[in-house]
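Down below is the structure, laid out as structure tokens.
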Amino acid sequence: MAETVLETTGLTMRFGGVVATDNVNFSLKAGELRCLIGPNGAGKSTFFKCIIGLLTPSEGQVFMRNQETTGWHPHEVASLGVGIKTQVPNVMDGLTVVENIWMAARRFMPSKEASDKAQDVIERLALGSIAKAELGRLAHGERQRVELGLVVAADPWLVLLDEPAAGMTAGDVDRMSAIIDEMTRTAAVVIVEHDMQFIRSIATTVTVFHQGAILMEDHVDKVMADPIVRNVYLGKKA
Amino acid sequence: MSRSWGRQDAATIVAALVLIWLMPLLISTYTLTVLVIYGMLALSLGLIWGFGGILCFGQAAFFGLGAYTYAIAAINVGESTLPMILAVIVPALFAALLGAMMFCGRLTDVYLGVITLVVTLILFKFVNSSAGPQYVIGEARLGGFNGIPGFHTLNIPGQPDEYIWGDALYYVCAVALLAVYFLVTWLLRSSFGRIAIGIRENETRVSLMGYDVRARKTILFAIGAAIAGLAGALFANWGEIVTPGLFSLGQSAEIIIWCIVGGLGTRLGPIIGAAGLAYLKFLLGQQSLIDNTLIMGIILVLFVLFLPKGIVPAVASLWKASFGRRSGRKPAGRRHMRRVDSANG
Ligand SMILES: Nc1ncnc2c1ncn2[C@@H]1O[C@H](COP(=O)(O)OP(=O)(O)OP(=O)(O)O)[C@@H](O)[C@H]1O
Ligand SMILES: [Mg+2]
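Structure representation (structure tokens):
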């Protein structure tokens, strides 16, 4: 049986009176690719932030490879080998693509090797033509791809992607699927997505969030056929 | 990717040495010395603010701390080498403590500004009211608003009776500034410096990459304070007296104005801003028609409105616009130049 790389027990996050994440028990095995879906405000991003350490959960625990990481700082969690692409792009706008990716790699290797690694990632993600461009000048899809590059450059074993395909063109989305496909060879991946086409093309197991809690977790086809899920979420979208 | 030392750096050294040699023909070395010291002080803020994104309203606190540390130590020791070293270390340690408190508390930039400002105020108030005989460190009386005069000034290391003053002090200060400039250059080209720039650009992303942002900001803050402390110690030697005015908010504000006018995110900008504005103030000080502070204020407003990036970035882009196009005919050589250019600012 594959190792459990991520587990949350009773994870709860409150903002004043709002319960953004409500008693979530979630578990992910090595090599797994999981999609999180749910309507706006369901608590998906908050869930990610609690895992990575950008937020400290009000209650509950987070475990990574059986080690408790609840309340750790983001840099401590990231140092374990966990990468995240946040919903709002988090890149260094004033720096070039190479400089951005070099920095991600530099955390885990000496400067020279990080340069080689950056070149390698740039090739793999087809960023060659914009390698010397400043992030602030790039199109949205390109910025998203660079942010994936930042994640890839660190060779993580757990990857969280918050709406990686949002606002992208069809060509960009195809490229994105290919990159994610490659990621799953070395890492467990959790993806928050709204685009059902995209989910069908990559995922098998889907977890549905609703009002902060897990509503359902099953194979993608079963989830989509479920009347309750269709009602809270797909009724509007699919 | 890492840029090694190149021809451009050698050219910078030669140009700087020529400038150091020629400037006394135009301006007295007495005035030049303080311009150089202010340049170093501005560079200390330019480093942490322009490259690390840490806006410190209290850079004068470290300047004053360096000056007072020197004066107090020099009175007790009777020579200058150890006091100079202490004047760098004490502000750095103080900044490390302050920084660790501020950055670990996840303070936002505004509060950081407020805290550094308040710390400066407290230091000023304390030193200003230390006139009583109970405020003594070793043999040195703090002296309150009168400050501390009559301490042992800079001497050749190991020879307490060989004083460095006048023209010699100018050359020492100028070479010290050049050394600090290259230290900063080296720092910014190192992994540490490049990651510091990353923190300026996006703190969250850098921590999500696995870097301890708090520790890195604290270290950078302390390095800035060390440079400010060195400037303070040199200032003490130049003025031969230290007074609470060194800690004043006015002094802190001036450092910020120097950086804005000269150009943030460059190494040369703060130095030029400081020397230029301080010299202007010196010239204005010789007349009594218009109020000094008023003119400084007007200059700041004009810069913020019309040249918000400051002198050096403006000149650099002007240079690139005219020189860059002309040299398009010689692409190979130019490409090399530009790569080196980008390492400088
Ligand atoms: N920092 C915060 N302060 C207060 N409330 C917050 C905060 N962050 C999120 N919330 C609230 O928590 C709930 C969950 O938000 P979250 O962003 O996690 O949803 P989501 O599932 O990611 O939605 P979307 O699909 O729109 O991205 C929402 O009601 C939101 O308003
Ligand atoms: Mg979200």
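From first to last, the protein sequence lines are chains H and S. To convert, take the position in the first sequence, counting from 1, and add 226; that gives my numbering. To convert, take the position in the second sequence, counting from 1, and add 1; that gives my numbering. Think of the CB as a built atom: it goes at the ideal place given N, C-alpha and C, for glycine as much as any other residue. These numbers come from a predicted model, not from an experiment.
Item                                                                                                                                                                                         : Value
For residue 1 (chain S), which residues of its own chain have a beta-carbon under 6 Å away from its beta-carbon, when the five flanking residues on both sides are left out?                 : Residue coverage of chain S in this structure runs from 2 to 346, which leaves residue 1 (chain S) outside it and unanswerable.
Compare the C-beta of residue 305 (chain H) with all C-beta atoms of chain S and state if any pair is closer than 8 Å.                                                                       : yes
How is the beta strand (DSSP E) around residue 19 (chain S) delimited, first residue to last?                                                                                                : Not the beta strand (DSSP E): residue 19 (chain S) falls in the alpha helix (DSSP H), residues 8-23.
Can you name the residues that DSSP bridges to residue 156 (chain S)?                                                                                                                        : S:164
Quick check: what's the CA-CA separation for residue 383 (chain H) versus residue 259 (chain S)?                                                                                             : 48 Å
Between which residues of its own chain and residue 348 (chain H) is the CB-CB distance below 8 Å, once the five residues before and five after are set aside?                               : 323, 324, 327, 354, 357 and 375
Determine, for residue 386 (chain H), whether the minimum Cβ-Cβ distance to residues of chain S falls below 8 Å.                                                                             : no
Look at the alpha carbon of residue 427 (chain H) and the alpha carbon of residue 189 (chain S), and state the distance between them as a whole number of angstroms.                         : 45 Å
Of all the residues that make up the segment 100-126 of chain S, which are near chain H by a beta-carbon distance shorter than 7 Å?                                                          : none
Anyone know if the C-beta pair for residue 131 (chain S) and residue 145 (chain S) falls short of 8 Å?                                                                                       : yes
So which residues of chain S does residue 310 (chain H) contact, with C-beta pairs closer than 9 Å?                                                                                          : 209
Output the residue ranges of the alpha helix (DSSP H) runs that lie fully inside the segment 274-328 of chain H and measure 4 residues or longer, sorted by chain position.                  : 300-307
Closer than 7 Å by C-beta to residue 208 (chain S): which residues in its own chain qualify, once you throw out the five before and the five after it? Chain order, please.                  : 214
Between the Cα of residue 43 (chain S) and those of S:257, S:166, S:117 and S:218, spot the shortest distance and give me the residue it belongs to.                                         : S:257
Closer than 7 Å to a non-hydrogen atom of ligand 1 - does that hold for the CB of residue 52 (chain S)?                                                                                      : no
Count the other CB atoms, across all protein chains shown, that sit within 10 Å of the CB of residue 158 (chain S); report buried if there are 16 or more and exposed otherwise.             : exposed
So, for residue 344 (chain H): in the same chain, excluding its five sequence neighbours on each side, which residues have a beta-carbon less than 6 Å away from its beta-carbon?            : 324, 327, 328 and 331
Is the shortest distance between the beta-carbon of residue 480 (chain H) and the beta-carbons of chain S less than 8 Å?                                                                     : This structure cannot settle anything about residue 480 (chain H), because the visible part of chain H is limited to 227 through 464.
Who are the near neighbours of residue 327 (chain S) in its chain, counting only those whose CB is closer than 8 Å to its CB and skipping five residues on each side?                        : Low confidence applies here, because residue 327 (chain S) scores a pLDDT of 49, under 50, leaving its location unreliable and the question unanswered by this model.
Considering only heavy atoms of ligand 2, does any lie closer than 7 Å to the CB of residue 311 (chain H)?                                                                                   : no
Which residues, in order along the segment 287-303 of chain H, keep a beta-carbon less than 9 Å from a beta-carbon of chain S?                                                               : 299, 300, 301, 302 and 303
Whose beta carbon lies closer than 5 Å to any heavy atom of ligand 1, going through the chain in order?                                                                                      : H:241, H:246, H:266, H:267, H:268, H:269, H:270, H:271 and H:272
Answer yes if the segment 161-180 of chain S comes into contact with the segment 85-97 of chain S, meaning at least three C-beta pairs across the two stretches below 8 Å, and no otherwise. : no
Closer than 8 Å is the cut-off here; do at least three beta carbon pairs connect the segment 55-63 of chain S with the segment 238-256 of chain S?                                           : yes
Pull up the DSSP beta-bridge partners for residue 253 (chain H), would you.                                                                                                                  : H:233
So the candidates are H:433, H:447 and H:385; which of them puts its Cα closest to the Cα of residue 275 (chain H)?                                                                          : H:385
Answer yes or no: does any C-beta atom of chain H fall closer than 8 Å to that of residue 212 (chain S)?                                                                                     : yes
Nearer than 7 Å: is that true of the beta carbon of residue 551 (chain H) relative to any heavy atom of ligand 2?                                                                            : This structure does not reach residue 551 (chain H), given that chain H is present from 227 up to 464, and the question cannot be answered.
May I ask you to report which of helix, strand or coil DSSP gives residue 110 (chain S)?                                                                                                     : helix
Are any of the Cβ atoms in chain H nearer than 8 Å to that of residue 273 (chain S)?                                                                                                         : no
For a minimum of 4 consecutive residues, which ranges assigned as the alpha helix (DSSP H) are wholly contained in the segment 414-447 of chain H?                                           : 422-428
Is any non-hydrogen atom of ligand 2 found closer than 7 Å to the C-beta of residue 447 (chain H), if you look at the structure I gave you?                                                  : no
Does any residue of chain S have a CB that is nearer than 8 Å to the CB of residue 378 (chain H)?                                                                                            : no
Taking DSSP as the reference, what is the three-state secondary structure of residue 412 (chain H)?                                                                                          : coil
Following the continuous beta strand (DSSP E) through residue 260 (chain H), name the residue where it begins and the one where it ends.                                                     : 259-263
May I ask you to list the residues that DSSP assigns as paired with residue 149 (chain S)?                                                                                                   : S:243
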